[in-house]
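Working notes, structure below.
So, in structure tokens, the structure goes:
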């Protein structure tokens, strides 16, 4: 009985996790949680585009999305790495606004 409850709970948690599509990402403004060499805000407009997990600003690679998160118990966020300055190895976390 306990195994069944644990298994059902695990399925519920996994079922509530959802990845973000490119169009969903483009629909948000993104605010950086801490400074890591990229700007404080990413807004997708005519100057900013998303192609194959790479964010381009003025048609130049800006950042690469390494994780997309939209869980029921957390806020919507993306984790990105800096492509403008390869010396910076930190992963930035941007939160949807």
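Numbering (this note's numbering), first residue to last: 651 to 747.
From the three backbone atoms N, C-alpha and C, an ideal C-beta is built for every residue, glycine too.
So the alpha helix (DSSP H) residue i belongs to, where does it begin and stop?
{"i": "residue 672", "result": "672-676"}
For residue i, which residues from the same chain have a beta carbon less than 8 Å from its beta carbon, with the 5 sequence-adjacent residues on both sides left out?
{"i": "residue 703", "result": "714, 715 and 716"}
Rounded to a whole number of angstroms, what is the C-alpha to C-alpha distance between residue i and residue j?
{"i": "residue 671", "j": "residue 746", "result": "13 Å"}
{"i": "residue 707", "j": "residue 696", "result": "9 Å"}
{"i": "residue 731", "j": "residue 740", "result": "7 Å"}
{"i": "residue 660", "j": "residue 709", "result": "At residue 660 the pLDDT is 46, less than 50, meaning the model places this residue with poor confidence and gives no usable figure here."}
{"i": "residue 701", "j": "residue 692", "result": "15 Å"}
Name the residue from the options whose alpha carbon lies nearest to the alpha carbon of residue i.
{"i": "residue 711", "options": "725, 693, 735 and 728", "result": "735"}
{"i": "residue 724", "options": "677, 685 and 743", "result": "743"}
Starting from residue i and walking both ways along the beta strand (DSSP E), at which residues does that stretch end?
{"i": "residue 727", "result": "727-732"}
{"i": "residue 706", "result": "704-707"}
{"i": "residue 669", "result": "No beta strand (DSSP E) holds residue 669; DSSP gives it neither H nor E."}
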